[in-house]
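J.: Shown below is the structure under consideration.
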Amino acid sequence: MARTRDESSPLFAGNAAGTLRLIFYLALAMVLMVLDHRNGWLWRVRYAASVVVEPVYRLADLPGAGIRTLTVAFADRKLLTEQNQRLREDLLLANARLNRMAGVAEQNQRLKQLLDTRHSLDLNVQLARVVGVDLGAWQQRLVLNLGARDGVKPGQPVIDAHGVMGQVVEVLPTTSVVMLVTDPAHAIPVVVERSGLRTVAYGARDGSGLVLPNIPLSADVRPGDRLLTSGLGGRFPPGFPVGKVLAVAPAASGMFRMAQVQPAADIDRSDDVLLLHDQAEPDGPPAPAVPAGPPMALAPAPGAAAGAAPTTAAPAGQPASPPPRATATTPATTPATAGSTP
């Protein structure tokens with residue numbers, strides 16, 4: 001029921017009873033404050049009451065905490081998605097850099113091997129990079145980034161850190177073409193390191209490696225034997241690894257044995273190679289002999305009579321001596337003709 005405007009509170013009534021109640025309440029408050037200050041009774045009461053009141057506070061705060069949680073969940077979802085995407089990109093970039101570093105480390109290892117080979121050869125070599133590859137069944141070729149402007153010449157041997165790769169067959173101004181030892185049209189003189197047998201290694205017809213098609217039946221060639229360049233022909237220096245024998249079997253003709261050889265060089269993996277310079281020219285057939293004839297001093301002069309005796313050449317500044325005359329004591333004999341009598 002609403003209180004009327006002229007009705008006053010009984011606690012603050014204007015009569016004497018209201019004043020006494022006010023004084024009593026003030027005195028009680030002062031006593032309680034003194035007792036609480038000295039003994040801490042009210043603190044104990046509040047401590048005991050908090051056990052009951054605290055769950056009520058938490059229960060009252062649940063709606064607000066739930067709203068804040070939902071706000072964070074929905075408001076930060078986009079931010080979390082963007083951060084996750086950036087982390088994924090950073091991870092992919094880090095993996096790409098790691099793979100690149102692994103590739104660079106492997107390339108540095110190959111270059112170190114080539115450099116060690118260059119120092120150990122004590123030869124004039126030139127580093128070249130492979131810029132083109134043609135490893136078909138009928139042709140085994142490489143294209144290098146050096147050409148005639150860099151001093152490359154046809155016939156130069158090409159090696160890597162493990163063995164012979166081939167030789168230059170075509171030179172262009174800025175590039176050159178190398179025929180590999182596995183090319184079916186290539187042949188290289190080799191020697192078996194263990195037994196000293198000399199033979200010729202040819203490129204396999206399918207481009208898979210090398211073959212030794214003409215091994216004598218009595219020759220000592222076994223799987224695992226290493227083949228080195230023999231130096232015959234003068235094209236390749238002796239002692240360079242060529243390959244390793246994988247298998248030996250009788251040839252189709254039955255007169256020889258044939259061996260399958262694995263190349264020593266990394267034919268399909270080398271990115272950098274070495275070109276050998278200052279090599280001897282390949283040995284070939286001897287030059288044709290110059291036809292021999294009479295000395296120019298003894299040759300008959302033009303217009304001389306047939307049967308005239310030649311004159312003896314004299315030293316410079318002296319007259320030529322006349323031909324010797326026949327003496328009377330020299331008997332003259334004539335051959336007998338057919339049908340004549342003595």
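Using the working numbering, the first residue of the sequence shown is number 1, and each one after it goes up by one. Ideal placement from N, C-alpha and C gives every residue a C-beta, glycine not left out.
Three or more C-beta pairs under 8 Å: does that hold for the segment 167-174 against the segment 198-211?
T.: no
J.: Have a look at LEU142 and GLN167 and give me their C-alpha separation to the nearest angstrom.
T.: 10 Å
J.: Any idea what DSSP makes of VAL261, helix, strand or coil?
T.: strand
J.: Take GLY224 and list the residues in its own chain whose beta-carbon comes closer than 8 Å to its own, dropping the five residues that flank it on each side.
T.: The residues are LYS244, VAL245.
J.: Taking the C-alpha atoms as reference points, what is the distance between ALA201 and PRO157?
T.: 16 Å
J.: Can you give me the C-alpha to C-alpha distance between ALA187 and ALA96, rounded to a whole angstrom?
T.: Cα-Cα distance, rounded: 43 Å.
J.: In the structure shown, what three-state DSSP assignment does ASN39 receive?
T.: helix
J.: With SER176 as the anchor, note down where its beta strand (DSSP E) starts and where it stops.
T.: According to the DSSP assignment, SER176 belongs to the beta strand (DSSP E) that extends over 176-180.
J.: With 16 other CB atoms within 10 Å as the buried threshold, where does ASP160 fall?
T.: buried
J.: How would you label PHE24, buried or exposed, when you count the other beta carbons within 10 angstroms and need 16 or more for buried?
T.: Within a 10 Å sphere around the beta-carbon of PHE24 sit fewer than 16 other beta-carbons, which makes this residue exposed.
J.: Is the beta carbon of GLU193 sitting closer than 9 Å to the one on ARG226?
T.: Yes. Within cutoff.
J.: I'd like the list of long-range same chain contacts for LEU20, defined as Cβ closer than 6 Å, with 5 residues on each side in sequence excluded.
T.: none
J.: Do VAL181 and LEU210 count as a contact pair if the criterion is CB distance below 9 Å?
T.: The answer is yes: Cβ separation under 9 Å.
J.: Within 10 angstroms of the Cβ of ALA16, are there 16 or more other Cβ atoms? Answer buried if so, exposed if not.
T.: exposed
J.: Pick out whichever of PRO237, MET165, GLY231, VAL51 has its Cα sitting closest to the Cα of ALA264.
T.: MET165
J.: Would ALA128 and ASP272 be called neighbours here (beta carbons separated by less than 9 Å)?
T.: yes
J.: Tell me which residues share the same chain as GLY147 and place their Cβ nearer than 8 Å to its Cβ, disregarding the 5 neighbours each side in the sequence.
T.: VAL171, LEU172, PRO173, THR174, THR175, SER176
J.: Can you tell me where the beta strand (DSSP E) holding GLN140 begins and where it ends?
T.: Membership of GLN140 in the beta strand (DSSP E) is indicated by the continuous run 140-144.
J.: Could you give the distance in angstroms between the alpha-carbon of THR71 and the alpha-carbon of LEU79?
T.: 13 Å
J.: Spatial neighbours of LEU32 within its chain, please: CB distance less than 8 Å, with the 5 preceding and 5 following residues excluded, ordered by chain position.
T.: Hits under 8 Å: LEU42.
J.: If you draw a straight line from the C-alpha of VAL130 to the C-alpha of ASN145, how long is it?
T.: Note on geometry: alpha-carbon atoms of VAL130 and ASN145 lie some 6 Å from one another.
J.: DSSP has TYR202 in a bridge; who is on the other side?
T.: ALA187, VAL211
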